[in-house]
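The sequence shown runs 11 to 231 under the working numbering.
We put the beta carbon where it would ideally sit given N, CA and C, even for glycine.
Keep in mind the model is a prediction, meaning the values are calculated, not measured.
Here the structure comes first, spelled out in structure tokens, and everything after it is commentary.
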Amino acid sequence: MDMAGGDESIYAAGTLESAGELPANDDAHSTLASSGDFALLRGFYWRLKRPLGLILALASTLLAAPVLVSIMLILSRQGRPVFIRRQRLGLHGRPFTVLHFRTMVPDSLRSLGAGQAPATDNFGQFLKRSRLDHLPLLWNVIKGDMNLVGPRPLSQEELMGAGRLARFSLAVRPGLTGLWLVEGERDLRRRLASDRSYIDRAGPLLDLSLVLRTVAHMHGV
């Protein structure tokens, strides 16, 4: 079974322009860590997020196991790689690899060669609309790369476009869900502002609300 394909993120249309606030550097972690330019977090809840997130991620993985296995079998039988790998930046800019369920059809590279957008079938579109393609990220939460709720994980290209505006987003572990997802924000600067708003207001009630809104969205597809 071919389980993992390439980096689907390289197929995204358009690129971000650098804000010129951070030097271009292939090692984002070294660049940021040397500057010490991260927001300082205060509050007891931030110490609880990791253990609580681990417990909830383990429970969610057990509950979602039938869905995870079903999606893997369907994708495998369609002849496409099951997973897609992406490189993202985590706490303090440390790079890590995330896995998503692949939504592109097996021969999607042909459409790219013809200058067209990557092709998806009905099942791939369903996975994207329902956010079920994000389910493998539970493994990143268990590993400690991510929290259940937090900022959207940044790519290297987004970091170069954001400059020091990313200092709040990179001060905490990124989230499987968050304000950025439930609000559907796509603009990078507004999304970073949303991250800062979340960090300023983070607490158990807000996190529970965001998780419930995410689940409601998935069931509403």
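Between which two residues does the alpha helix (DSSP H) carrying PHE133 extend?
132-140
Flag this pair as touching only if the region 89-105 and the region 161-169 have three or more C-beta atom pairs under 8 Å; answer yes or no.
yes
Taking the continuous beta strand (DSSP E) assigned at PRO105, which residues delimit it?
Secondary structure note for PRO105: its beta strand (DSSP E) is the uninterrupted segment 105-111.
Given this structure, state the Cα-to-Cα distance separating LEU202 from GLU195, to the nearest angstrom.
10 Å
Around the C-beta of LYS59, are 16 or more other C-beta atoms found within 10 angstroms, so that it is buried, or is it exposed?
buried
Can we say the region 63-75 touches the region 138-158, given the rule of at least three CB pairs closer than 8 Å?
Here the region 63-75 makes contact with the region 138-158; the two share three or more CB pairs at distances below 8 Å.
Less than 7 Å between the C-beta atoms of LEU137 and THR113, yes or no?
yes
So, are the CB atoms of MET228 and ARG141 less than 7 Å apart?
yes
Looking only at its own chain, which residues have a Cβ that is under 7 Å from the Cβ of LEU42, when we skip the five neighbours before and after it?
Note that LEU42 has pLDDT 43, beneath the 50 cutoff, so the model's placement of it is unreliable and no number is given.
What would DSSP say about GLY63, mapped onto helix, strand or coil?
helix
Taking GLY185 as part of the beta strand (DSSP E), name the residues at either end of that continuous run.
Unbroken beta strand (DSSP E) run through GLY185: 185-187.
Distance check for ARG223 and LEU216, CA to CA, integer angstroms please.
11 Å
Considering GLN97, what are the terminal residues of the beta strand (DSSP E) in which it resides?
93-99
Expressed to the nearest angstrom, what Euclidean distance is found between the alpha-carbon atoms of GLY213 and TYR55?
Whole-angstrom Cα-Cα distance: 6 Å.
Determine the direct distance from the alpha carbon of GLY171 to that of HIS144, and round the result to whole angstroms.
Here the alpha carbon of HIS144 sits roughly 24 Å from the alpha carbon of GLY171.
Return the first residue and the last residue of the alpha helix (DSSP H) that VAL151 is part of.
147-153
Using C-beta distances below 6 Å, list every residue in its chain close to ASN150, excluding the 5 sequence neighbours before and after it, in chain order.
VAL108 and MET156
I need the straight-line Cα distance from MET82 to GLU168, nearest angstrom please.
30 Å
Which residue from LEU175, LEU218, VAL221 and ALA226 puts its Cα closest to that of SER204?
In this structure, LEU175 is the residue among LEU175, LEU218, VAL221 and ALA226 with its C-alpha nearest to the C-alpha of SER204.
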